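Trainee: Below is a structure I'd like to ask you about.
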Amino acid sequence: MVRRDVPGAFLLPLVCIIAIFHIDQVKTEVRLPCGMVKDWFPSGTKPQNSQPPYLLNMTDSDGRSVYDDLYMGEPHYGPGQRTYTITLNGTRSGNMTQNFTGFMLYAYNEFDDEDSGDFLSPLPAGVSKRECLFNDTGQFIEVLENSTNSMYWHSIQIKWRSPKKSISGKITISASVVKEDGIFWDGISVTLNHACPMPGCYLPDGCPNGLARNKYGCTICECAGASSVTVGFLSLAVIMFSALKNWI
1 MVRRDVPGAF LLPLVCIIAI FHIDQVKTEV RLPCGMVKDW FPSGTKPQNS
51 QPPYLLNMTD SDGRSVYDDL YMGEPHYGPG QRTYTITLNG TRSGNMTQNF
101 TGFMLYAYNE FDDEDSGDFL SPLPAGVSKR ECLFNDTGQF IEVLENSTNS
151 MYWHSIQIKW RSPKKSISGK ITISASVVKE DGIFWDGISV TLNHACPMPG
201 CYLPDGCPNG LARNKYGCTI CECAGASSVT VGFLSLAVIM FSALKNWI
């Protein structure tokens, strides 16, 4: 009797070779934690707890501050993908403007699975951009930082582009600023909300508990508590069907 499965003996080695080649071609992306400004200094160095002598502001393409265009009492981004100018300034006292020698600038979202926008090139001289894991979470963000300690700034401007999705969660632009070696402030920030659209729905029977909200806090065309009622009804239906099946 002639065996016809001999060619299959060559199949396993061939599959192994292809798999090894594929693994070799895959580049593993190493996602390092972002770190903090305090990591630039000896262990135990802490941020200042006084009022920071620096201000962070954002303006739209028309030069209007986000603080002049509020939604529900808060600055917001959008609607649509827009470009903003972030300005970090030293405060002014008499004829003197406070300078700074270093900084880190973060943009992060309240949700780990949402976009937090992009810092745009070209960047100012002495500033670099990298991607990293934010605060030991699963959120991969962009961070800007100075790449030299031999420069002094009174003011710096960065372009930032909001997410493509008009509703992507609250986004915080936060700066840590170094005045001089070992003296720095954290948490100089602007938090941007998003404008929720009005729900275009008509519920003739009304909603006893009002309309529901999604994870972004926006009102949607569903009654609050409706999902739990639906789940309860379906569970009851399954129980009754199982009991009927067993009885038959």
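Just so it is clear: in the sequence shown, position 129 is 129 by the working numbering, and no numbers are missing.
All C-beta atoms, glycine included, are put in the ideal place defined by N, C-alpha and C.
Only a predicted model underlies this, so the values are computations on that prediction, with no experimental measurement involved.
1) Beta-carbon separation of residue 103 and residue 145 under 8 Å?
2) Where DSSP assigns a beta bridge to residue 193, which residues make up the other side?
3) Would you mind stating whether residue 58 and residue 83 have Cβ atoms separated by less than 8 Å?
4) Use the C-beta contact count for residue 250: other C-beta atoms within 10 angstroms, 16 or more gives buried, fewer gives exposed.
5) Given that a residue counts as buried once 16 or more other Cβ atoms are within 10 Å of its Cβ, and exposed if not, what is residue 142?
6) For residue 205, does the three-state DSSP call read helix, strand or coil?
7) With a CB to CB cut of under 8 Å and the five nearest residues on each side skipped, what residues in its chain are close to residue 170?
8) From residue 160 to residue 220, what does the alpha carbon distance come to, in whole angstroms?
9) Rounded to whole angstroms, what is the Cα-Cα separation between residue 177 and residue 215?
10) Leaving out the 5 sequence neighbours to the left and right, which residues in its chain are closer than 7 Å to residue 241 when beta-carbon positions are compared?
11) Which stretch, first to last residue, makes up the beta strand (DSSP E) that contains residue 118?
12) Looking at C-alpha atoms only, which residue of 197, 212, 196 is the closest neighbour of residue 203?
13) Whole angstroms is fine: what's the gap from residue 125's alpha carbon to residue 208's?
14) Answer yes or no: do residue 155 and residue 45 have a C-beta to C-beta separation smaller than 8 Å?
15) With distance defined between alpha-carbon atoms, name the residue in 150, 117, 36, 174 nearest to residue 55.
16) Taking the beta strand (DSSP E) that residue 129 belongs to, which residues open and close that run?
17) Rounded to a whole number of angstroms, what is the C-alpha to C-alpha distance between residue 99 and residue 113?
18) Give the straight-line distance between the Cα atoms of residue 223 and residue 115, rounded to the nearest whole angstrom.
19) Check the DSSP bridge columns for residue 150 and list the partner residues they point to.
20) Quick check on residue 69 - is its C-beta less than 8 Å from some C-beta in chain D?
21) Return the chain-ordered ranges of every beta strand (DSSP E) run that is complete within the region 32 to 57 and spans a minimum of 3 residues.
22) If you draw a straight line from the alpha carbon of residue 172 to that of residue 107, how long is it in whole angstroms?
23) Please name the residue, chosen from 186, 200, 163, that lies closest to residue 105 on a Cα-to-Cα basis.
Mentor: On the basis of the supplied data:
1) yes
2) 76
3) no
4) Residue 250 cannot be examined here, being either before or after the span of the chain that is shown, 1 to 248.
5) buried
6) coil
7) 109, 110, 191, 192, 193, 194
8) 29 Å
9) 33 Å
10) Note on residue 241: pLDDT 43, under 50, position unreliable in the model; no value is reported.
11) 118 to 120
12) 212
13) 59 Å
14) no
15) 174
16) 127 to 133
17) 36 Å
18) 28 Å
19) None, per the DSSP bridge assignment.
20) The question asks about chain D, but that chain is absent: this structure has only one protein chain.
21) none
22) 6 Å
23) 186
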